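Residue numbers (this note's numbering), protein chains in the order written: chain L, 1 to 302; chain Y, 1 to 302; chain E, 1 to 302. Ideal Cβ positions, reconstructed from N, Cα and C, are used throughout, including at glycine. Values in this document were obtained by computation on a predicted structure and should not be read as measured data.
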Amino acid sequence: MKITILQLIDFLGDNLIRVYGSCEDAYIDNLADSNHVNEYTLDWVISKKNNKQEIIESSKAKCLLVDETIEYTSILNEQSKVLLVVKNPKQALAKVGNHFFVKKPDPGIHPTAVISKSAKIGENVYIGPYSVVGDAVIGSGSHIDSNVRIYDGVVIGKDCDIKAGAVIGGAGFGFEKDEEGNRFRFPQIGGLIIGDDVEIGANTCIDRGALSDTIIGSHTKINNLCHIAHNNKIGCNVIITGCVNVSGSNIIEDDVWIAPNASIRGYVHIGKGCVVGMGAVVTKDIPEGETWVGNPARKMEK
Amino acid sequence: MKITILQLIDFLGDNLIRVYGSCEDAYIDNLADSNHVNEYTLDWVISKKNNKQEIIESSKAKCLLVDETIEYTSILNEQSKVLLVVKNPKQALAKVGNHFFVKKPDPGIHPTAVISKSAKIGENVYIGPYSVVGDAVIGSGSHIDSNVRIYDGVVIGKDCDIKAGAVIGGAGFGFEKDEEGNRFRFPQIGGLIIGDDVEIGANTCIDRGALSDTIIGSHTKINNLCHIAHNNKIGCNVIITGCVNVSGSNIIEDDVWIAPNASIRGYVHIGKGCVVGMGAVVTKDIPEGETWVGNPARKMEK
Amino acid sequence: MKITILQLIDFLGDNLIRVYGSCEDAYIDNLADSNHVNEYTLDWVISKKNNKQEIIESSKAKCLLVDETIEYTSILNEQSKVLLVVKNPKQALAKVGNHFFVKKPDPGIHPTAVISKSAKIGENVYIGPYSVVGDAVIGSGSHIDSNVRIYDGVVIGKDCDIKAGAVIGGAGFGFEKDEEGNRFRFPQIGGLIIGDDVEIGANTCIDRGALSDTIIGSHTKINNLCHIAHNNKIGCNVIITGCVNVSGSNIIEDDVWIAPNASIRGYVHIGKGCVVGMGAVVTKDIPEGETWVGNPARKMEK
């Protein structure tokens, strides 16, 4: 697929600050990592690199996304390079990539999906093969992949992305003992409320609340194979990476970052903007903005 | 849904010690956590709380489950509160919740479930959409959710609950090297025997034995995203919480509690009633009743 | 199922060094662990055991796989034992087990599998119920179990084994921030290239690359519930056990062994033949052949 520089200019719109070089016949046809750049790659230079000028001059690509600190040198001119100047080259590249190179299935519900008659499905929703949806609400523009299970009482916002095999809104893991000492489930009848633009990774499980609701804030991104237990209140723009276990009834504020395979104990409060390290075992509250690592987790000193 | 106090009295039966207050017209219509109690909530007070009397007096609910230590004060009388006195209020609440508020699908096998002709399915079993069952035995009253895979040679007891996406009885992870140094699987032809009233969480995987059987005792509860490898012998009333990895050939006795994201090495013995801490990495036998934590796990001193 | 000793001799072929004892009417009909051996078990003795001669004499089995160090004593003769002498008894047992005792489904694509018209499926491939395959390549002899999701752009080699619920080639977990500070996905348009004879465990997730490819080398074996993130380059004969998290963009060389529930940070290099311990949290490069354990992981001194 050829994308002309004029198409790129049109797409970037107000984000484009300036264009250097002649772009009449130029086009790109791929994105690539730095080892695989060719003449038709849309290349880019991360703003924080020191030797940006040099990287651009040595790139095999004809067209690059760059920031305002770049000079259009005579070398670049001789190379007939086209520079698209934007504030944030990597962000611009991501937008170009998502628009021109990422294929998405058309909205629609696959005929094999089993959907409760009481479910409320918004507009432009995609639900893939072999997914099973109970009495749930799914907001417009959301994408539910294949083999997903969504239970009764789940409310999913707009533009969410739920990957294959995720299990959303199952009964939580809470037990009482009966007269003979055998455990039986405490009723798990709360809901699960998911905001807008939330991503839930493949085979990740998020439990409904016991008596109150489990809540996941907007723009939060959860990776594959995570377990989020009942009654958690998770804020917005939280990042939960792969294989994380979040036990029940925590409060996790906005902009927290939880690294892979970390464990959060239950009934703790993790303040805004905290970072929980890889494999950290969090057993206490973490004040706003702190980074905790280790088993048991402790504040990381710089 | 309105449930009259008379219905509750009838349901509680012998568990009810005494009723305080007039209950002729009273009813409840919800259960709630302490922040969301309203007039029609069935509220309860945990027996071990110190200020129980005060909690009950300030509850917005008209009807509460309480223990025998409560006095029916003039304040409670003025509030027209109804107190249902039981030995264990939380246990009673759980039973009321499970009976009146938890919806369960009717027994039956969804038409899309793929079941081997040689499978033996008990009475009142539910098997959900897109589950695939080999030559297995499933005991009466068991509930198998959607997208579950049960392989040949699995025996599941009565009243078990297997959540969506679980993979039960797959081949274990054991390899030999061939003449060229490449690994190939050691045959995994043992069975998997699961007792009665066992819960297996969403996307959890339990492998069949290699040459002997993997065994899971009755009333054991396993949460989401756990991996139980081949040849484990796990006792009764064991609690295995989220994201736990149990490697092969362990013996785990009754009443053990394994906290989230713990790892058990393989070929170890964990004594009756032990507690394994969150994120603990267990590399040795643990004597009966001890609590071990950390990486590597060590006995926790009080 | 009876398997005569003559059948075993025929199957072992060049691997058989010598036969002791008379085998005309002898047969075996099972494999078993040491606690369950009976007269018709094909028993074996691991070469490294010290008291091999004694073990063989006290085995209830009539037929055993043994190595060349064994003597056919008068006791064995009186017991009418048949010894099949091979270089590696456990390897031979595994081959016999896989050939005679492991049931495999016949090749074929289950009618419920949803396969893209652009997928390229080799010969003798099995694809189980409710699996969903995009524009992918699946090599001859590979076995894809049920409820598996394989996305566009995945290339799977020959004789691979992908267990139930695995999610292969999903979009990786990489985000940029937009102008309002909300995260959006960096395009994940690389491929996922899997070699020959690779095993991928149940509910394991392996992400496609962002701009380059994720690569899994031949004969590599990955257990259940692992997360392998985008851009990893994993070598041959690597063992990744249960619940392991491999973050993005690592290089993991041949013959590495990663124990359960370990975490690998991302952008690290793990040298050939390394061992990563159970629950280890790897944040740095590991030189060839070393064993690292702990949180954070450090070199294990002998």
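query, result
"Near the ligand ATP: E/Tyr126 beta-carbon under 7 Å from a heavy atom", "The ligand ATP is absent from the structure shown, which contains no ligands of any kind."
"Range of the contiguous alpha helix (DSSP H) that encloses E/Val96", "89-100"
"Selection from E/Cys226, E/Val256, E/Ile251 that minimises the alpha carbon distance to E/Val238", "E/Val256"
"Start-to-end residues for the alpha helix (DSSP H) that takes in Y/Phe11", "5-12"
"Chain E within 8 Å of L/Ala294, Cβ atoms only", "What sits at residue 294 of chain L in the sequence shown is Gly, not Ala. Cβ-Cβ to chain E under 8 Å: yes for L/Gly294."
"Listed by chain order, chain Y residues near L/Cys205 by CB distance under 7 Å", "Ala202, Asn203, Asn224, Leu225"
"Y/Ile168 - containing beta strand (DSSP E), residue span", "167-170"
"Simplified DSSP assignment, three categories, for E/Asn147", "coil"
"With 16 other Cβ atoms within 10 Å as the buried cut-off, status of Y/Val102", "exposed"
"From E/Val246, E/Phe175, E/Thr220, residue whose alpha carbon lies closest to that of L/Ile222", "E/Phe175"
"9 Å Cβ cut-off: residues of chain E touching Y/Gly170", "Asp145, Lys163, Ala164, Gly201, Ala202, Asn224"
"Local Cβ density within 10 Å of L/Asn224, reported as buried at 16 or more and exposed below that", "buried"
"Exposed unless 16 or more other CB atoms sit within 10 angstroms - verdict on Y/Tyr151", "buried"
"Interface residues of the region 242-266 of chain Y facing chain E [CB-CB below 9 Å]", "Cys243, Val244, Asn245, Val246, Ser247, Asn261, Ala262, Ser263, Ile264, Arg265, Gly266"
"Inter-residue Cα distance where the pair is Y/Gly97 and Y/Ile215", "31 Å"
"Local Cβ density within 10 Å of L/Tyr267, reported as buried at 16 or more and exposed below that", "exposed"
"Cβ pair Y/Ser263, E/Met278 closer than 8 Å", "yes"
"Local Cβ density within 10 Å of L/His99, reported as buried at 16 or more and exposed below that", "exposed"
"Reduced DSSP category for Y/Ser263 - H, G, I as helix; E, B as strand; rest coil", "strand"
"Beta carbon of E/Ile168 nearer than 8 Å to that of E/Arg149", "yes"
"Best match in Y/Lys302, Y/Asp254, Y/Lys272, Y/Asn250 for proximity to Y/Val282 [C-alpha to C-alpha]", "Y/Asn250"
"Short CB-CB distance (under 8 Å) between E/Ala119 and chain L", "no"
"Segments of 4+ residues assigned as alpha helix (DSSP H) that fall wholly inside the region 54-93 of chain Y", "74-78"
"Exposed unless 16 or more other CB atoms sit within 10 angstroms - verdict on Y/Asp306", "Outside the modelled stretch of chain Y, which goes from 1 to 302, sits residue 306 of chain Y, for which no answer is possible."
"Given Y/Thr69 as reference, the closest of Y/Val82, Y/Gln53, Y/Lys81 once Cα atoms are compared", "Y/Gln53"
"Neighbour flag for L/Tyr126 against chain Y, beta carbons, 8 Å", "no"
"As assigned by DSSP and simplified to three states, the class of E/Lys284", "coil"
"Interface residues of the region 269-280 of chain Y facing chain L [CB-CB below 9 Å]", "Gly277, Met278, Gly279, Ala280"
"Counted within 10 angstroms of its Cβ, other Cβ atoms place Y/Glu39 as buried (16 or more) or exposed", "exposed"
"Length-filtered (3 minimum) beta strand (DSSP E) runs lying within the region 206-277 of chain L", "214-216"
"Sequence-distant residues of the same chain with beta carbon closer than 6 Å to L/Cys274, five excluded per side", "Val256, Ile286, Glu290"
"The region 133-142 of chain Y contacting the region 154-161 of chain Y, beta-carbon criterion three pairs below 8 Å", "yes"
"Interfacial residues, the region 8-39 of chain L to chain E, with Cβ spacing under 8 Å", "Leu31, Ala32, Asp33, Asn35, His36"
"Nearest-angstrom Cα separation, counted from Y/Ser218 out to L/Asp178", "14 Å"
"Contained alpha helix (DSSP H) runs [length at least 4] in the region 154-196 of chain Y, N- to C-terminal order", "none"
"Candidates L/Asp67, L/Ser47, L/Ser34: closest to L/Ser58 by CA position", "L/Ser34"
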